[in-house]
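In order, the protein sequence lines correspond to chains A and B. Residues 0 to 272 in numbering that gives the first Met the number 0 are what the first sequence lists, from first letter to last. Residues 0 to 657 in numbering that gives the first Met the number 0 are what the second sequence lists, from first letter to last. Think of the CB as a built atom: it goes at the ideal place given N, C-alpha and C, for glycine as much as any other residue.
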Amino acid sequence: MNAMTQDGYVTADGRQIGPVVMELRNITLRFGGVVAIKDISFDIRQGEIRAIIGPNGAGKSSMLNVISGFYHPQDGQVIFKGQVRPAMKPYQVARLGIARTFQNIALFEGMSVLDNIMTGRLNKMKAGFLSQALWWGAAEREEIENRAAVERIIDFLEIQNIRKTPVGRLPYGLKKRVELARALAAEPNLLLLDEPMAGMNVEEKEDMSRFILSVNDEFGTTICLIEHDMGVVMDLSDRVVVMDYGKKIGDGTPSEVRSNQAVIDAYLGVAHD
Amino acid sequence: MTVHTTPPGDLQSVPALLARNVARFGDRPAYREKEYGIWQSWTWSQAADQIRALAMGLMAQGLKPGDHMAIIGRNRPAHYWGMIAAQMCGAVPVPLYQDAVAAEMAYVLDHCGARFVLCGDQEQVDKVLEVEQTTGASARIIYTDARGLRKYDHDNMASLADVQAQGRAGAATLGPRLDAIIAGLDYDSTCVMLYTSGTTGKPKGVVLSNRNIIETARNTAEFDNLTEIEEIVAYLPMAWVGDFIFSMGQAMWSGFTVNCPEGAHTMMTDMREIGPTYFFAPPRVFETQLTSVMIRMEDASRMKRWLFKRGMAVAHRAGPALLDGKTVSFGDKLAYALGKLFVFGPLKNTLGLSRVRVGYTAGEAIGPEIFDFYRSLGINLKQLYGQTEASVFITQQPDGQVRSDTVGVPSPGVEVRIGDNGEVYYRSPGTFVEYYKNADSTASTKDAEGWVATGDAGFFEEATGHLRIIDRAKDVGKMADGTMFAPKYVENKLKFYPNILEAVVIGNGREFCTAMINIDLTAVGNWAERNNIAYGSYQELAGHPQVYAQIREHVEAVNASVAQDPMLSGCQVHRFLVLHKELDPDDGEMTRTRKVRRAVITEKFHDLVTALYDGSTSIHTRTEVTYEDGRKGAISATLRIEDARVFGDAARQKVAAQ
């Protein structure tokens, strides 16, 4: 069995992951009479790739929105780095070091790739309005520093050739990569990816998987992702949470989840006799 | 006998040239590389410091004189430095093609017995490790880009930066040892070993000495007045002799700046930013550029199309004449000046060719129309003819004597003669030393007097003294009726059409010629998009009836033009098909330098060849393909075979035969 301690955890394939960074305790989220998430608890550990899977309408995206602080659950607590997190505005969440990408790409279509990624660094820019407008002193210094950081990400994700291309002209797979770049630009310690591979072909999926793994590997970023493609999830993740109709039906390593009867039933359907 | 010229002073090795450049051009830029969106540059002094640190580090890591060090990666200053550093240690640099799959690399790594491998990134390291698992060899790996390699076992691996640091730390003891080795390098020490891509058989390791490289670089730099102010963009595979001679030989000799692009995809932007003054590209690069220009013009507004058409008409009329310094009427001069202002000036700038003073193309015959296009823009594009064994240069065109159908006069210091069978022979200071560990091949290629057979058939034009190459000597054949069969001649005509990427003409010993054609996905895809033709795959597009109709038009136009030449009119294409996959070096159908391997293709697609000749109108075939990671798969398709109209005698014969 996997050895589990308070600050260390060894996954099935021998990868050491860190202590708990975020704990979700008995989360319940309702939209009027609709219960999107029902009493779910799980945790995310430092440096791991954590996947949330489930059939359509299982409440995965709602869960991610709870983690990102966009939704405030009616019941339950989100404990981030040992402290109960109060209801927050999205920019406050971003300052905590949580960044995300969206299921439907949310980039500025008319802006260049570079400018889009630069927006990811907005929370690192402190220069005043006047200084920004005149591009003088602190503003100039800041922009140079931030541009350097952005260029490292461009290099990392191998999108140098589209640096100056307006995002609207890019194919889907590349837009997804740009969105990942923008999230990375914020130098997050927790990165949330909402279906990073939806609608991609096999090659694009392979590329994206490679980038997700290298982000995790190089920067030590903790990643929580939602994904439909079971093959991808099983290959990428350290641990998987399975949801169905707002409830948690499984939690564990990919192999544990795969042999879980409830999960098999949810995915393959179950005979009603 | 090879002419043994006296070496210029003490400049008998690349490290010696480096020292001279530091003394003479110390603060001028030697290398630039675009990284993180900015051109980073190193002066000769800075570069020399980096190279020395690397050399000392390699020495500390155990690189010994006589060792071979493989270099696998894209064009980066660090990789060029690695080659010089290896020379400083008395070792032999062996650059390899970075896009080769592990299996191809295995042969070369094993053949040269590389003790050190300089890898560009994780991908290359993985390939080397894969090779070592099968061969059991264990080379020390030095890598430039550390991404993804952090968690690898570092017992037999180190980063380039660490090696340099190690070298700097041990400078006190390593420095004098290194200086002693450098002082011992002379004209006969090996400068580099390059593996020929080989259209047939296993690659051969061509050993080139300092004499070969430095003499050739000096002669040709003088031929074109290359000085330290030239700018070149290093983007061709480092394993190719051309890149070595331009980015290393001539750059070292003349002291000019080598600019490395950010990556293959940013090449066009980087070219535009640098604006090279000296530019070399194989015909394919020019073809691709022209295709993309034509596509973009077709997408442009009417006004722009009209302007482009008018401008190019003037350019075709006056451009080449102006370049060659011939007299041009005042009206044409004026029109050309206007065209330059509004059309080809901006176009040249977009292509990054504004500042090109000397441009060369070689490696394959270039389509006359493509060649003329660039010449008429006012780009001094010339042809040269060469091969790895000659340190590139055999013949080249002097300024003002440029034509698309010749390859120029013998380069300075090169003697050329035509053998009895029409084959071209040469001997020069650049003639290679030997094929590594292959005395038999050396003996059969280079005779006792130093003459080397090129394998190409050609002749000297009496009027101009220019050499004309007809085809590979072994490719030139005879049709069943005894007329000459020169496939390359027809293929080049076909390839001028932007829609056609590659063509293979078959017909040696046959009644008539047939062709297998590859469409150019960029051009045809763009056409399909504009005409609302939906397609799901390359294969589907290639088989589309309208695509076939277009290709047939092209084939017939080529037939009409081939029919003009009585000697070659037998080479008209009677039947053709459009291939369902692109010919690819990974499948062995082309060399890494993208020359078609005729024998491989006719054997691999033997069922298609049979169908081309047995009169059938369609054929079902299954082809093995290799993916980029080396895995194999198969695709199957039903290809249509169509007849094309032929002209002149051939047409009459065809009627008679029926």
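Assuming residue i and residue j form a contact by the criterion Cβ under 8 Å, report the distance between their Cβ atoms to the nearest whole angstrom.
i: I393 of chain B; j: Y384 of chain B; result: 5 Å
i: I36 of chain A; j: M21 of chain A; result: About 15 Å; that fails the 8 Å criterion.
i: T590 of chain B; j: W239 of chain B; result: About 10 Å separates the two Cβ atoms, so there is no contact after all.
i: K175 of chain A; j: M207 of chain A; result: 7 Å
i: V91 of chain B; j: T387 of chain B; result: Between T387 of chain B and V91 of chain B the Cβ distance is about 15 Å, and since that is not below 8 Å, they are no contact.
i: R75 of chain B; j: T143 of chain B; result: 6 Å
i: R27 of chain B; j: G254 of chain B; result: 7 Å
i: L576 of chain B; j: S390 of chain B; result: At roughly 40 Å, the Cβ-Cβ gap does not stay under 8 Å, so L576 of chain B and S390 of chain B are not in contact.
State the DSSP-derived secondary structure class of residue i, mapped to helix, strand or coil.
i: S213 of chain A; result: helix
i: C570 of chain B; result: helix
i: G251 of chain A; result: strand
i: C88 of chain B; result: coil
i: Q73 of chain A; result: coil
i: D269 of chain B; result: helix
i: M117 of chain A; result: helix
i: L211 of chain B; result: Correcting the residue type first, residue 211 of chain B is Asn in the shown sequence and not Leu. Helix at N211 of chain B.
i: F101 of chain A; result: coil
i: N258 of chain B; result: strand
i: G524 of chain B; result: helix
i: A447 of chain B; result: coil
i: E140 of chain A; result: For the record, residue 140 of chain A in the displayed sequence is Arg; it is not Glu. Here R140 of chain A sits in helix by DSSP.
i: S12 of chain B; result: coil
i: P584 of chain B; result: helix
i: T387 of chain B; result: helix
i: R217 of chain B; result: helix
i: E131 of chain B; result: helix
i: M192 of chain B; result: strand
i: D206 of chain A; result: helix
i: F646 of chain B; result: coil
i: K603 of chain B; result: helix
Looking at the secondary structure, which residues open and close the beta strand (DSSP E) in which residue i lies?
i: N517 of chain B; result: C512 to I518
i: T221 of chain A; result: T221 to I225
i: T637 of chain B; result: K631 to D642
i: W38 of chain B; result: I37 to T42
i: V595 of chain B; result: Per DSSP, V595 of chain B belongs to no beta strand (DSSP E) and is neither H nor E.
i: I140 of chain B; result: R139 to Y142
i: M251 of chain B; result: Not the beta strand (DSSP E): M251 of chain B falls in the alpha helix (DSSP H), residues A250 to S253.
i: K203 of chain B; result: No beta strand (DSSP E) holds K203 of chain B; DSSP gives it neither H nor E.
At what residues does the alpha helix (DSSP H) containing residue i begin and finish?
i: P367 of chain B; result: P367 to S375
i: V284 of chain B; result: P282 to D298
i: P486 of chain B; result: P486 to K494
i: K37 of chain A; result: First-last for K37 of chain A: V33 to R44, but that is the beta strand (DSSP E), not the alpha helix (DSSP H).
i: H553 of chain B; result: P544 to V561
i: P345 of chain B; result: G344 to L350
i: L172 of chain B; result: According to the sequence as given, residue 172 of chain B is Thr; it is not Leu. Taken as a continuous stretch (DSSP letters only), the alpha helix (DSSP H) holding T172 of chain B covers A170 to G183.
Considering only DSSP beta bridges, list what residue i is partnered with.
i: D243 of chain A; result: A:K246
i: D234 of chain A; result: In DSSP, D234 of chain A forms no bridge with anything.
i: R416 of chain B; result: B:Y424
i: G127 of chain A; result: Bridge partners of G127 of chain A: none, in fact.
i: R23 of chain B; result: Its beta-bridge partners do not exist; DSSP assigns none.
i: G407 of chain B; result: B:L466
i: L28 of chain A; result: A:I36
i: Y359 of chain B; result: B:F279 and B:K381
i: E501 of chain B; result: B:N517
i: F459 of chain B; result: B:L466
i: G476 of chain B; result: B:F484
Along chain C, which residues have their Cβ under 9 Å away from the Cβ of residue i?
i: I153 of chain A; result: Looking for chain C here will not work: the only protein chains present are A and B.
Is residue i near the ligand NAD, in the sense that its beta carbon is under 6 Å from a heavy atom of that ligand?
i: I369 of chain B; result: Absence of the ligand NAD is noted for the structure shown, with no ligands found whatsoever.
*State whether the region 465-478 of chain B contacts the region 504-523 of chain B, with contact taken as three or more CB pairs (one from each stretch) at a distance under 8 Å.*
yes
*Okay, do the region 158-169 of chain A and the region 103-114 of chain A touch, 3+ Cβ pairs below 8 Å being the bar?*
yes
*Using 8 Å as the Cβ pair cut-off and three pairs as the minimum, do the region 63-74 of chain B and the region 92-105 of chain B touch?*
yes
*Say whether the region 419-428 of chain B touches the region 360-371 of chain B, bearing in mind that this needs 3 or more beta-carbon pairs closer than 8 Å, one atom from each stretch.*
no
*asked:* So, does the region 112-123 of chain B touch the region 133-143 of chain B, judging by three or more C-beta pairs under 8 Å?
replied: yes
*Report yes or no: do three or more beta-carbon pairs, one from the region 490-497 of chain B and one from the region 439-449 of chain B, lie closer than 8 Å?*
no
*Does the region 288-297 of chain B touch the region 519-528 of chain B, meaning 3 or more C-beta pairs lie closer than 8 Å?*
yes
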